[in-house]
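So the structure is just underneath, and the comments pick up after that.
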């Protein structure tokens, strides 16, 4: 087995997690977020559709993995956890109206003497359901429950050099997928045809590094859907005169580098020509400002003033911390680049800056994923930072 | 806007849901499962990474959609809900440590006079977190909470003819993706190269029907990973003499038809040659038995006896109800083909029958998705039901 990180890096992550547990008075941390399970143990499998958990006990050196019987081999294959710390529940606990995996887990925790301790749970994380909470509380009547939402995520916010290296590889894949996706766009080509091109290159990756599934599917709203950011592709053909917003991510070892561009099919309309320079100037101003010591809120202010100069305002946040993740989101849910966010930038924090402007019937998105360096910031991808115009020179009659 | 189903079909689904609500004494049903939101309203967007909800009030004709501001256009674009029933929360509720969308939702429900009623929540569904439950309870102190887990899923278990038609289209895509995926496998080709081929065709679909993202990524464990069903692909090359298990699904209008096959890279080893006929015979016996009036548990018994004759036993369930879904699972979590499941088969129930056999270091999976007909069962896909052998005739030196 080859882990994606040195064992010392996992130990360091675990140590930082335990320090935060101690700060919050948590003795036993029940981690159900797949990204946090991966971050601390290496565990990587599409098994988060059943209940599973990594248990961190503050005075034990090793985590416990508890999951479904048929996934235990996966825990042995992908983690640094000793085999005896991999605990499996039988298959009759899966999607049953009688048995619940959290009953099993409560019993295990009681058996190993953790039933009367202070227990942290990831209250607002995906895959930790209301039922999971209630069954755990019932199974551990002598435990004190504490909210550990984002506890591990805040450890993840500053990346190691190895994590940055994986994001660089993800960035190469993002550049490749964007290049191929944009090249596939002609009037008459269907949205699904372009989505297929993007997926092909995202997954195949480069000759050196294979790609992985991103935590969000590629989004490519077109026409009046460009004002609706989260609709997925259809099988309608692209229409000359419309725009397409492509948002995708390269993914390597579960690390994401997202990238968004707006593409005009045929010559750009006046609206796009007018707003694109405003967005590009705003992005440049934010990237020029980002450096250690500056807050996320200050970055938002720079953007707000930059676009207000041209008469524009934006309601949604501009960006968020990004890196390791699983569906349904590549964001880390910690720092947001928005008004009032007091997160202070540190070297090796990584953000997806996506200052979209949406109007009633259309919109524009141009994004960059960047790293905070010792003295400023640097982009991960190299794809041209501009409004992409697929003008008549490109329309070689390649209609599907 | 073109909805995937006739408005009368949505009305019928809503009526059946309200009947179940009445049976359980639920007056207000809060639906957070993306598949159930889609089933009742048409809503289809990759927005389930933030809290959102469809509210069914037993004495109101229209559901309410409540979600993020930037997704409200999507609700207007993809549902049959009147615009005034689309309610949006501001962006500062997103991934905030101060504001929670369920506070907003509790307030809305109180304002419209639903705060003191019997409220059903999908306690054990993805995306309904422990925190969501607690904040809702706090926001609706005069409501009585009831568990509505799987309430809508049990409405979904019998498909309409239009749903079956969409599954037939998904099946064509599954056949295509399997064909192209298998054809891409040679020694030296990387797992990610084959995953890319599969994704390309799954998403592109046929000339008539574009494909969509499946709720589970294609899985293709190879070598010693064939005993570990939920690991995803890597960038390691395939090795002659190993097997690959491909599990994928075609997806159309969010309806899935999964399909699994085992592929031998080079001549099949003795183990595979020995177990493949056992699995195929078992599948045939199950399909021959499936018809209205038979229970899921009886299907399991047929399989168990069929393989026991050859000296094999299997721990995990054999299959499950399948259809409409979103990540992370295409299963519907209602009926399982396993020991003791008393679900009685009805026409237009649809199942993924995947009687995998896993051993210590390898395994075999051959699956079929089938529909219960008036008198028996029928497969959705046409891909040859056999152990696939990529023998030397195929190894044309096409090494990546």
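Protein chains in written order, with this note's numbering: chain A, 697 to 1096; chain X, 697 to 1096.
From the three backbone atoms N, C-alpha and C, an ideal C-beta is built for every residue, glycine too.
Proximity to residue 788/X across 1053/A, 1081/A, 1032/A peaks at 1032/A, based on C-alpha coordinates.
For residue 1012/X, the three-state secondary structure derived from DSSP is coil. Chain-order list of chain X residues neighbouring residue 888/A: 899, 900, 901, 906, 907, by C-beta distance under 7 Å. By the criterion of a C-beta distance shorter than 6 Å, residue 729/A is surrounded in its chain by 818, 821, once the five residues flanking it on both sides are discounted. Unbroken alpha helix (DSSP H) stretches of 4 residues or longer found wholly inside the stretch 975-1058 of chain X: 992-1004, given in chain order. Within the model, the alpha-carbon separation for residue 899/X versus residue 810/A is close to 47 Å. Per the DSSP secondary-structure output, residue 840/A pairs in a beta bridge with 814/A. If you look at residue 730/X, you'll find it in the alpha helix (DSSP H) that goes 730-737. Neighbourhood of residue 824/X in chain A, by CB distance below 9 Å: 825, 826, 827, in chain order.
Within the stretch 792-823 of chain A, the residues whose Cβ lies closer than 7 Å to some Cβ of chain X are 817, 819, 820, 821, 822, 823, listed in chain order. Cβ proximity to chain A below 8 Å picks out nothing from the stretch 963-975 of chain X. When Cβ-Cβ separations below 8 Å define contact, residue 1046/X makes no contact with chain A. Residue 702/X sits away from residue 920/X, with the two beta carbons spaced by 8 Å or more. Listed in chain order, the positions of the stretch 926-941 of chain X with a beta carbon within less than 9 Å of a beta carbon of chain A are 926, 927, 928, 929, 930, 931, 932. For residue 896/X, there is no enclosing beta strand (DSSP E); the enclosing alpha helix (DSSP H) covers residues 887-900.
For residue 808/A, the secondary structure class from DSSP, reduced to helix, strand or coil, is coil. The three-state secondary structure of residue 847/X, taken from DSSP, is helix. The alpha-carbon of residue 815/X is positioned some 25 Å away from that of residue 1020/X. For the stretch 989-1008 of chain A, there are no residues whose beta carbon sits under 9 Å from a beta carbon of chain X. In the DSSP assignment, residue 907/A falls outside any alpha helix (DSSP H), carrying neither H nor E.
Within chain X, 766, 769 have C-beta atoms less than 9 Å from the C-beta of residue 1054/A, given in sequence order. A direct Cα-Cα distance of roughly 15 Å separates residue 1009/X from residue 970/X. In the displayed model, residue 823/A falls within coil according to three-state DSSP, outside both helix and strand.
In the displayed model, residue 922/A falls within a helix according to three-state DSSP. Residues of the stretch 717-746 of chain X whose Cβ lies closer than 7 Å to any Cβ of chain A, in chain order: 741, 742, 743, 744, 745.
In the DSSP assignment, residue 968/A is bridged to no other residue.
Across the structure, residue 992/X and residue 743/X are spaced so that their CA atoms are roughly 34 Å apart. In the structure shown, residue 954/X falls within a strand segment according to DSSP collapsed to helix, strand and coil. Listed by position along chain A, the residues whose Cβ is nearer than 9 Å to that of residue 865/X form an empty set, because the closest Cβ is around 11 Å away.
Chain order gives the chain A residues near residue 924/X as 769, 770, 773, where near means a beta carbon separation below 7 Å. Against residue 1060/X, chain A offers no close residue; the least beta-carbon distance is about 14 Å (beta-carbon pairs closer than 7 Å). If you draw a straight line from the Cα of residue 994/A to the Cα of residue 1041/A, it is about 10 Å long.
DSSP places residue 713/A in the uninterrupted alpha helix (DSSP H) bounded by 703-720. Rounded to whole angstroms, the Cβ separation of residue 1046/X and residue 1067/X is 5 Å, and the two are in contact under 8 Å. In this structure, DSSP gives residue 1082/X a state outside helix and strand, which the three-state scheme calls coil. DSSP, read as helix, strand or coil, puts residue 861/A in helix.
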